[in-house]
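> Sharing a structure below in structure tokens format, with a few things to ask.
Protein chains in written order, with this note's numbering: chain A, 685 to 1016; chain B, 685 to 1016.
Below is the structure:
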């Protein structure tokens, strides 16, 4: 049978590479959820938002299509959304009550369950890179404040000043909020929940999730929401799903939203669509926890439920189909 | 049948009050888990630890026995452990690489799922009180760093200076660690995991959980572990259980330990004993996640599994029995 061996080897290689090539890749991104109703956005701003979402999801998908990792794909997508001034993350983040920018981010991979997060950092141009370095280059999961900034500086990450981060739109927004209610945080703003995030499945079957935010407009006291909390704003496990959340962070922390969706998939036999819909449209809606999630499962099936008037979102599904949406009547 | 009504009313009142009086109360506390082997502790230190654990669990139990809330019970128990110099929380907390004390704490109640947490705060004498005020007196769940300190100061919480917090034992410990490995964190210390915590069930059927810590010896970069993370170090839900964790925080965050135990109870039909044992002795042990948890369910059944040589722990069970333990051969 010796002469069969090269053929068998060739067949094995062909089968293996076919299997890998046939494995689906999928990616979804979000730019926040909230009271985004038709007519609220200018045509120009709406177009800029749709273009940024599409750019981010295409950049991540290109990495996946070329055999890159879901970790690289979600990092690239979130970096683009951080740099885009339209969203509340990185450049264009909302301002604290002191007029500063304090940023949170987290990232997780679903094979090893490795994770990294930073909270309340100032000046780091791309907080998602800092979160990723916490995961890959430190023994820790979460670093906060000046300590996290020192870590990022030691790792030679790019820093930027207020001119980069703070847009005229956010300055005017903070002034409007201050004029309305001096020391309260706004609950009535398109921006309240406009965190950004990405989830992806790569050819190797690895899931990843990433989330980045500037938090709440006019926030104070070092408030941290769900975005940098592994389990609340971000979770990924190859056995169940990858989730990035956006919404009223306090509710998302108390209900451990990202992990709860994965736990329901793992423990109850619900599909990702059922589990994410239950958590967003039943559990959270019942308690007034506004927001939504993007999620993907090991077969590349994407769910993007939200219980608000809109969620900035885009996906490239396993069949290659591009979807970009803002309002709830665009839901497929 | 009119003449039966007063009797029926009387009966109803009797049954209701009997039911409440018959409802079990239960409480457990921990002072950390780790490589605590027989002979490592001096007789004097071991006695001090056992006495502090008993004092804390008795104080919490007295509140419960008098009809007080589980929230008050876990707060009182954790305050005693914070003030005791034997544990790594409040007074006696480990020192950061800069020789300072940075404290984390969180608290949660199982009826409303309200929760509060502070991370990386300096000078707050009882961080658990700060976490509780975040829950009750702010719209937020988590505050970090100087912002959290400002919040605590505004709420007139007690502050203390280094003379209160820093014990000779911790100063010597930090020097020993520095001498051994200049910039590394120790993994070889009794103190690594000696977080404190409490869980309780009150007569009303309400569960609560609380956790407080100084984190890792020689920690840097604003590292935050699982203790202030709702879902990782602390969780409470009247429908499943209340959990306070202690261990190698990074693993507890990635596995969302406290919430995962509650999710297994809620979704899989496992008992609390089965769920907490699975998470601590299978899931965590498999990945090298050293530590343990204390947990109580709505019927007052207490579980205290740990995968280390010891866990400082005490409980007063639903039948009134007191249990105090350090080593694993004391497990019932």
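Even glycine gets a Cβ: it sits at the ideal position worked out from N, Cα and C.
Predicted model, so just to flag it, every value in this text is computed and none were measured.
Using a 10 Å radius around the Cβ and a threshold of 16 neighbouring Cβ atoms, would you call residue 843 of chain B buried or exposed?
Counting from 1 along the second chain, the entry for residue 843 of chain B is found at position 159. That one is exposed.
> Check each candidate in B:990, B:923, B:861 and B:954 and name the one with the smallest Cα separation from residue 936 of chain B.
Within the second chain, the letter at position 252 stands for residue 936 of chain B. Residue 936 of chain B has its Cα closest to that of B:990, out of B:990, B:923, B:861 and B:954.
> Give the DSSP-derived three-state secondary structure of residue 936 of chain B in the structure shown.
To locate residue 936 of chain B, count along the second chain from 1; it is residue 252. Helix, per DSSP.
> Name the chain B residues whose beta carbon is nearer than 8 Å to that of residue 831 of chain A?
In the first chain, the residue the question calls residue 831 of chain A occupies position 147. Correct list: 804, 904, 905, 906 and 907.
> In its own chain, which residues sit with a C-beta less than 6 Å from the C-beta of residue 867 of chain A, not counting the 5 before and 5 after it?
If you number the first chain from 1, residue 867 of chain A lands on position 183. For residue 867 of chain A, the pLDDT reaches just 44, beneath the cut-off of 50, and the residue's location in the model is therefore unreliable, although a value from the coordinates is still provided. Cβ neighbours of residue 867 of chain A beyond the five flanking positions: none.
> Roughly how many angstroms separate the alpha carbons of residue 1012 of chain A and residue 737 of chain B, rounded to a whole number?
To locate residue 1012 of chain A, count along the first chain from 1; it is residue 328. To locate residue 737 of chain B, count along the second chain from 1; it is residue 53. Using only the alpha carbons, I get a separation of about 54 Å.
> Spatial neighbours of residue 870 of chain A within its chain, please: CB distance less than 7 Å, with the 5 preceding and 5 following residues excluded, ordered by chain position.
What you label residue 870 of chain A is simply residue 186 of the first chain in a count that begins at 1. In this prediction, residue 870 of chain A scores a pLDDT of 43, lower than 50, which makes its location untrustworthy; the coordinate-derived value is nonetheless stated afterwards. Correct list, in chain order: 861, 876, 901 and 902.
> So residue 934 of chain A contacts chain B; which residues on that side make the cut at Cβ distance below 9 Å?
The residue given as residue 934 of chain A occupies position 250 in the first chain. Per Cβ cutoff of 9 Å: 799, 823, 824, 825 and 826.
> My assumption, with CB atoms under 8 Å, is that residue 858 of chain A sits in contact with residue 779 of chain A. Please give the rounded CB distance.
To locate residue 858 of chain A, count along the first chain from 1; it is residue 174. To locate residue 779 of chain A, count along the first chain from 1; it is residue 95. Between residue 779 of chain A and residue 858 of chain A the Cβ distance is about 4 Å, and since that is below 8 Å, they are a contact.
> So residue 714 of chain A is in the beta strand (DSSP E); what residue range does that whole segment cover?
Numbered from its first residue, the first chain carries residue 714 of chain A at position 30. Its beta strand (DSSP E) spans residues 710-718.
> Between which two residues does the alpha helix (DSSP H) containing residue 1022 of chain B stretch?
Examination of residue 1022 of chain B is not possible in this model, given that chain B is present from 685 through 1016 alone.
> Is residue 897 of chain B close to chain A, meaning its C-beta is less than 8 Å from at least one C-beta of that chain?
For the purposes of this step, residue 897 of chain B is identified with residue 213 of the second chain, where counting begins at 1. Output row for residue 897 of chain B: interface = no.
> In terms of residue numbering, what span does the alpha helix (DSSP H) encompassing residue 727 of chain A cover?
Working through the first chain from its first residue, we reach residue 727 of chain A at position 43. Segment 727-749, the alpha helix (DSSP H) holding residue 727 of chain A.
> Three-state secondary structure (DSSP) at residue 771 of chain B?
Your numbering for residue 771 of chain B matches position 87 in the second chain. Coil, per DSSP.
> Determine whether the Cβ of residue 943 of chain B lies closer than 8 Å to any Cβ atom of chain A.
By one-based count along the second chain, residue 943 of chain B stands at place 259. Yes, residue 943 of chain B counts as interfacial toward chain A.
> Using DSSP with H/G/I as helix, E/B as strand and the rest coil, what is residue 755 of chain B?
Mapped onto the second chain, residue 755 of chain B falls at position 71. Correct three-state label for residue 755 of chain B: helix.
> Which chain B residues are close to residue 834 of chain A, counting only those with a beta carbon under 9 Å from its beta carbon?
Position 150 of the first chain, counted from the first residue, corresponds to residue 834 of chain A. What residue 834 of chain A touches in chain B: 904, 905 and 906.
> Which partner residues does residue 990 of chain B have in the DSSP bridge list?
Your numbering for residue 990 of chain B matches position 306 in the second chain. According to DSSP, residue 990 of chain B bridges with B:976.
> Is the beta carbon of residue 994 of chain B less than 8 Å from the beta carbon of residue 764 of chain B?
Counted from its first residue, the second chain places residue 994 of chain B at position 310. Counted from its first residue, the second chain places residue 764 of chain B at position 80. No; because the gap between Cβ atoms is not below 8 Å, this pair is not in contact.
> For residue 685 of chain B, does the count of other Cβ atoms within 10 angstroms reach 16, so buried, or fall short, so exposed?
Residue 685 of chain B sits at position 1 when you count from the first residue of the second chain. Here the model assigns residue 685 of chain B a pLDDT of 37, short of 50, so the residue's position is not dependable and the matter cannot be decided.
> Along the chain, where does the beta strand (DSSP E) containing residue 892 of chain A start, and where does it finish?
The residue you call residue 892 of chain A lines up with position 208 of the first chain. From DSSP, the beta strand (DSSP E) with residue 892 of chain A extends over 891-897.
> Does the segment 752-759 of chain B come within contact of the segment 721-736 of chain B, defined as at least 3 CB pairs closer than 8 Å?
No, they do not touch.
> Any beta-carbon of chain A closer than 8 Å to the one on residue 948 of chain B?
For this step, residue 948 of chain B is matched to residue 264 along the second chain. With 8 Å as the cut-off, residue 948 of chain B counts as an interface residue toward chain A.
> Leaving out five residues before and five after residue 761 of chain B in sequence, what residues of the same chain have Cβ atoms less than 8 Å from its Cβ?
Mapped onto the second chain, residue 761 of chain B falls at position 77. Closer than 8 Å at Cβ, skipping near neighbours: 711, 713, 740, 741, 743, 744, 882, 884 and 894.
> Spatial neighbours of residue 922 of chain A within its chain, please: C-beta separation below 7 Å, excluding the five flanking residues on both sides.
For the purposes of this step, residue 922 of chain A is taken as the residue at position 238 of the first chain. So the qualifying residues of the chain are 794, 795, 889, 890, 891 and 982.
> Return the first residue and the last residue of the beta strand (DSSP E) that residue 792 of chain B is part of.
Counting from 1 along the second chain, the entry for residue 792 of chain B is found at position 108. Note, residue 792 of chain B: beta strand (DSSP E), 787-793.
> Tell me which residues share the same chain as residue 906 of chain A and place their Cβ nearer than 6 Å to its Cβ, disregarding the 5 neighbours each side in the sequence.
The residue you call residue 906 of chain A lines up with position 222 of the first chain. Cβ neighbours of residue 906 of chain A beyond the five flanking positions: 804.
> What does residue 1007 of chain A pair with, by DSSP beta-bridge criteria?
Translated into the one-based positions of the first chain, residue 1007 of chain A becomes position 323. Paired residue(s): A:999.
> Quick one: give me the first and last residue of the alpha helix (DSSP H) that residue 834 of chain B is part of.
Position 150 of the second chain holds residue 834 of chain B. It spans 829-838 - the alpha helix (DSSP H) in which residue 834 of chain B sits, taken as one unbroken run.
> What residues in the segment 913-924 of chain A have a beta carbon less than 9 Å from any beta carbon of chain B?
Hits within the stretch, in order: 913, 914, 915, 916 and 919.
> Give the DSSP bridge partners of residue 826 of chain B, in chain order.
In the second chain, the residue the question calls residue 826 of chain B occupies position 142. BP columns for residue 826 of chain B point to A:908 and B:801.
> Run down chain A in chain order and give the residues with a C-beta less than 8 Å from the C-beta of residue 937 of chain B.
Here residue 937 of chain B refers to the residue found at position 253 of the second chain. Per Cβ cutoff of 8 Å: 799, 825, 826, 914 and 915.
> Using 8 Å as the threshold, is the segment 928-942 of chain A in touch with the segment 812-826 of chain A, meaning 3 or more CB pairs across them?
Because the criterion of three Cβ pairs below 8 Å is not met, the segment 928-942 of chain A and the segment 812-826 of chain A do not touch.
> Check residue 869 of chain B in the structure and name its three-state DSSP category.
One-based indexing of the second chain puts residue 869 of chain B at position 185. For residue 869 of chain B, the predicted model reports a pLDDT of 45, less than 50, meaning its position is unreliable and no value from the coordinates is stated.
> Contact criterion: CB-CB distance below 8 Å. Does residue 951 of chain B meet it with respect to chain A?
The residue labelled residue 951 of chain B in the question sits at position 267 within the second chain. Judged by the 8 Å Cβ criterion, residue 951 of chain B is in contact with chain A.
> What does residue 880 of chain B reach in chain A if we use C-beta pairs closer than 9 Å?
If you number the second chain from 1, residue 880 of chain B lands on position 196. Residues of chain A passing the Cβ test: none, with the nearest at roughly 20 Å.
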